[in-house]
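Residue numbers (this note's numbering), protein chains in the order written: chain Z, 2 to 198; chain U, 9 to 112. Even for Gly, the Cβ is constructed at its ideal location relative to N, Cα and C.
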Amino acid sequence: MQSTLGISGGYMSADAQVTIQLADHARHVAKRDAGLAWLATALYSAFAVTAVAIPGGMPPSKFFWVIAAPLVAFGAMFWAYSDGRQRGVEASRLTLVTVPFGLLTLAFGFGTVALFLGLPIVPQYGPPLLMTAGYIVLGLRQRDQLMMGAGIVSPITIALVTLRPVDELSQGLLCLAYVAILLTARIGWRLTTRVAS
Amino acid sequence: MTHPAAHLDDTIHQRVRLGILAVLLESRRADFAYLRDALELTDGNLSQHLRILEESGYVEIAKTFEGKKTRTWVAATRAGRSALATELATLRALLKQVAKPSRS
Numbered sequence: 002m003q004s005t006l007g008i009s010g011g012y013m014s015a016d017a018q019v020t021i022q023l024a025d026h027a028r029h030v031a032k033r034d035a036g037l038a039w040l041a042t043a044l045y046s047a048f049a050v051t052a053v054a055i056p057g058g059m060p061p062s063k064f065f066w067v068i069a070a071p072l073v074a075f076g077a078m079f080w081a082y083s084d085g086r087q088r089g090v091e092a093s094r095l096t097l098v099t100v101p102f103g104l105l106t107l108a109f110g111f112g113t114v115a116l117f118l119g120l121p122i123v124p125q126y127g128p129p130l131l132m133t134a135g136y137i138v139l140g141l142r143q144r145d146q147l148m149m150g151a152g153i154v155s156p157i158t159i160a161l162v163t164l165r166p167v168d169e170l171s172q173g174l175l176c177l178a179y180v181a182i183l184l185t186a187r188i189g190w191r192l193t194t195r196v197a198s
Numbered sequence: 009m010t011h012p013a014a015h016l017d018d019t020i021h022q023r024v025r026l027g028i029l030a031v032l033l034e035s036r037r038a039d040f041a042y043l044r045d046a047l048e049l050t051d052g053n054l055s056q057h058l059r060i061l062e063e064s065g066y067v068e069i070a071k072t073f074e075g076k077k078t079r080t081w082v083a084a085t086r087a088g089r090s091a092l093a094t095e096l097a098t099l100r101a102l103l104k105q106v107a108k109p110s111r112s
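Take a look at the structure:
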């Protein structure tokens, strides 16, 4: 009897493990295909670098980051949403709006408070770093590597823009390169493994 | 104290139906062709499982017209999302129970 129970328990355990793994894998595939991470990532990143560019006023050279970068991000967001929908899977529109804008509000709120308190450097680097931390936490929580990757790539972009003064064209090219990296990652990850495989 | 297995939901304690709900959990909705391809099912097989899930109130099915084509969208209901979460929690509890060394 004991051995029967042992076999039964072992079978049940293996069955339960396979079922859990299947569910996790199905969720992972759907998450990737719905493009949620990609959309949120593009949006966050553009705003993060914009946030770095605007402290200390808004000279004409900052125009690109204030206007063009968010537009590129919104364009990417629209494209990704349409692309996912065309392939048959729709991301949650509510999440797409609430998550990025929640983080954005938090980051800018933090920057404003730091500015009000007269803290040096913090108003400039605080918001993007807070967003980066937000990416990484969300990525870890959702086990989303693309989101975590964006969290790491974002400060590199910020460093390139802020530590080495570049002209508008170079900034534009940098932004395009950044979007291209994300786009390539997105397309690469779409070479899918199916749920049943 | 009841055994965790008593909490398993017969409707979704089936891999295809569990897979359908898992896919829907991460998206607002998915269309019939996407589910069929993602889960590697035939049209008939998927239809059958969707009907069972719909009858249980775990998914909602809507048909839309896009151009001349009809598209079938499937979305998980709140009950469906909750049932999936419960099922997975139960399976995890079951695994813990099985992993415990027996006292006999």
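Identify every residue that forms a DSSP beta bridge with residue i.
| i | result |
| --- | --- |
| lysine 77 of chain U | U:Glu74 |
| valine 82 of chain U | U:Ala38, U:Ile69 |
| glutamate 62 of chain U | Bridge partners of glutamate 62 of chain U: none, in fact. |
Please report whether the beta-carbon of residue i lies at a distance below 8 Å from any beta-carbon of chain U.
| i | result |
| --- | --- |
| isoleucine 157 of chain Z | no |
| alanine 31 of chain Z | yes |
| glutamine 22 of chain Z | no |
| serine 83 of chain Z | no |
With a Cβ-Cβ cutoff of 8 Å, do residue i and residue j count as a contact?
| i | j | result |
| --- | --- | --- |
| leucine 47 of chain U | glycine 27 of chain U | yes |
| alanine 84 of chain U | valine 67 of chain U | yes |
| alanine 17 of chain Z | alanine 30 of chain U | no |
| valine 82 of chain U | serine 14 of chain Z | no |
| alanine 35 of chain Z | glycine 103 of chain Z | no |
| leucine 33 of chain U | arginine 28 of chain Z | yes |
| glycine 127 of chain Z | glycine 112 of chain Z | yes |
| arginine 37 of chain U | threonine 20 of chain Z | no |
When the Cα atoms are used, what is the spatial distance from residue i to residue j?
| i | j | result |
| --- | --- | --- |
| isoleucine 69 of chain U | histidine 15 of chain U | 27 Å |
| asparagine 53 of chain U | leucine 131 of chain Z | 47 Å |
| serine 55 of chain U | lysine 32 of chain Z | 23 Å |
| leucine 92 of chain U | proline 121 of chain Z | 49 Å |
| glutamine 125 of chain Z | glycine 140 of chain Z | 24 Å |
| aspartate 18 of chain U | glutamate 95 of chain U | 10 Å |
| threonine 106 of chain Z | glutamate 63 of chain U | 42 Å |
| leucine 99 of chain U | valine 123 of chain Z | 47 Å |
| glycine 152 of chain Z | serine 93 of chain Z | 22 Å |
| valine 30 of chain Z | glycine 88 of chain U | 19 Å |
| tyrosine 136 of chain Z | methionine 149 of chain Z | 6 Å |
| valine 90 of chain Z | leucine 116 of chain Z | 43 Å |
Just to confirm my understanding: we take residue i, look at its own chain, exclude 5 residues before and 5 after, and list those with CB closer than 8 Å. What are they?
| i | result |
| --- | --- |
| arginine 79 of chain U | Asp39, Phe40, Lys71, Thr72, Phe73 |
Can you give me the Cβ contacts of residue i inside the same chain, cut-off strictly under 7 Å, excluding the 5 residues immediately before and after it?
| i | result |
| --- | --- |
| isoleucine 60 of chain U | Thr19, Arg25 |
Could you check whether the Cβ of residue i sits closer than 8 Å to any Cβ belonging to chain Z?
| i | result |
| --- | --- |
| alanine 39 of chain U | Residue identity check: residue 39 of chain U is aspartate in the sequence provided, not alanine. It does; some Cβ of chain Z falls within 8 Å. |
| alanine 46 of chain U | yes |
| glycine 27 of chain U | yes |
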